[in-house]
Structure formats: structure tokens, C-alpha cells
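To start, the structure under review is shown below, and the notes come after it.
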Amino acid sequence: MSRKPRDFTFSAPIVSADDPHANTIAAAVVAIEAQCGEREGWNRPSRLFTLRLLSGDRVETALYPEALWNPGGVNPADALSGLSSSLPPVPDLLLPADASQAPVCAVGFMFEGWMRDTTVPLPPAVEGLRQMGVRVNHLLPNRREVRLVHAVDLNQRTFHVKRQRGGEADVRVAGGRDDAAGPEGTVSIALARIMHAMRNGEQVIPGQPA
Numbered sequence: 001m002s003r004k005p006r007d008f009t010f011s012a013p014i015v016s017a018d019d020p021h022a023n024t025i026a027a028a029v030v031a032i033e034a035q036c037g038e039r040e041g042w043n044r045p046s047r048l049f050t051l052r053l054l055s056g057d058r059v060e061t062a063l064y065p066e067a068l069w070n071p072g073g074v075n076p077a078d079a080l081s082g083l084s085s086s087l088p089p090v091p092d093l094l095l096p097a098d099a100s101q102a103p104v105c106a107v108g109f110m111f112e113g114w115m116r117d118t119t120v121p122l123p124p125a126v127e128g129l130r131q132m133g134v135r136v137n138h139l140l141p142n143r144r145e146v147r148l149v150h151a152v153d154l155n156q157r158t159f160h161v162k163r164q165r166g167g168e169a170d171v172r173v174a175g176g177r178d179d180a181a182g183p184e185g186t187v188s189i190a191l192a193r194i195m196h197a198m199r200n201g202e203q204v205i206p207g208q209p210a
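If you count the sequence shown from 1, position 96 lands on 96 in the UniProt record's numbering, and the numbers rise without skipping.
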């Protein structure tokens, strides 16, 4: 993934009949997972990226290397949360903005992780670790590896792609902010704050994209 226009060939569900730009962003997020995630394989580093709309339903992607926003090498979701921690929360009322006129129309994050069957109780020792704030899914024998792409546009619409290893991608688009719990919720909240700050002209992500 690099900073250049891309013609995305993967389609996504129609998000809004009134906002064709949302459909383009959704298709781009789906394509990023398919072409820059699934095609490149697993066990890849997390990737933070921005999108800019171009003419002809084209999208420019800009990738920010992990060394720029995670110099300490901590868990990527924690690094993203730290990057956004000093930013103000997104206001409840937000005037709609035209994505086609914005230098950045969406910010996204692609990362890999582990899922578990939440209907199965955790072993007591593992549950104790979880209650202490430790991530525990990778400790479980029935864990499932997943790749996730979360993105938030400048109007706070959220886009999610989830693919279990060896499976098909599941796409979800929400009209407003995401209240998911756990690491996914941490990422969504961080992206929402980062996107809102960038909408207001702030340079949130340090350095220059690759």
C-alpha cells in the first residue's frame, strides 16, 4: 500500500443512496483488506492509512509506517490509543462535510488479532488475567486468527471488515460512531478522534506517509 491513486475492483454493499462518496470509501476499505491484506498474506505488521477521494471514483491511499506512530513497539491498538489520547472527543453534533473536498476523507487501521468464543467461559486463571486488563485470547486453544480493517470517515461513519483466517470477509458499515468493546472499540474510538482532528486541519500522525 503506498501513496498513489488506486482503481479498486472489489465492491462493497451500497451504504447510502444519498452519499455516493460513502459507497466509494466502503469499496476502498474492502479492497484494502482484500488486495493489501489477504493477497499479501498473514503475520503482517499493522498498517495505519488515510484515504483521499479523487475524480472518477478513485481513491488515493497514504500508508504511515508503524515506526512513526508506534516508536515504542507496544501493542498497535495501544499505540493508536496513545496517539489519540490528547485529542478532544468527537462532539455529539457534527455538521456534514463533503468528502470529495477534503484532503483526507477517512483514516483507517488494518491489524491482525485473536478472537474467542465468548459463549465458552474462560478458565479461572485466564479470567483473572482478563479482569486485570491483560489480553488473553492468544492464550486459548480454541482461538481464531482474524484480520480487521476499521476506518472512520470525516462524518464519523464507520467501516469494518473482518476476515477469519481461511474464511471470507465480513463487511459492516455503521452510520455513526462505533460502541464496540475491547480492542476493536479502542481502535474505533482512537480513529474517530484522529479523523475529527484531521478534519479540523490538525496534523495528528507524525512524519510523512510512505
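Ideal Cβ placement from N, Cα and C applies to all residues, glycine included.
Computed from a predicted model, the values in this text were never measured in an experiment.
Buried/exposed call for residue i, threshold 16 Cβ in 10 Å
i	result
R165	exposed
A97	exposed
Q208	exposed
E127	exposed
D179	Residue confidence for D179 is low, a pLDDT of 46 falling below 50, so the modelled location carries little weight; the figure read from the coordinates is stated next. Burial call: exposed.
W69	buried
D170	exposed
Member of the options whose CA lies at the smallest distance from the CA of residue i
i	options	result
N142	S188, T119, D170, P71	T119
R52	E38, H21, S84	H21
P88	Q208, V204, S55	V204
K162	N23, G72, G37	G37
residue 213	E112, D92, T158	The question about residue 213 has no answer here: the residues shown for the chain are numbered 1 through 210.
G82	G167, P65, I194, R44	I194
I32	A62, S55, P124, D19	A62
P45	L95, G72, E66	E66
Residues that DSSP places opposite residue i in a beta bridge
i	result
R52	E60
L148	F111, K162
Whole-angstrom C-beta distance between residue j and residue i, which should lie under 8 Å
i	j	result
L122	R135	Their Cβ separation, rounded to whole angstroms, is 12 Å, which puts L122 and R135 out of contact at 8 Å.
M110	R199	21 Å between Cβ atoms; not a contact.
G108	V59	With 8 Å as the limit, G108 and V59 do not qualify as a contact, their Cβ atoms being about 11 Å apart.
S188	H150	6 Å
G113	L80	Actually they are not in contact, since the Cβ atoms of G113 and L80 sit about 13 Å apart, beyond 8 Å.
V90	H196	5 Å
V173	A106	With 8 Å as the limit, V173 and A106 do not qualify as a contact, their Cβ atoms being about 12 Å apart.
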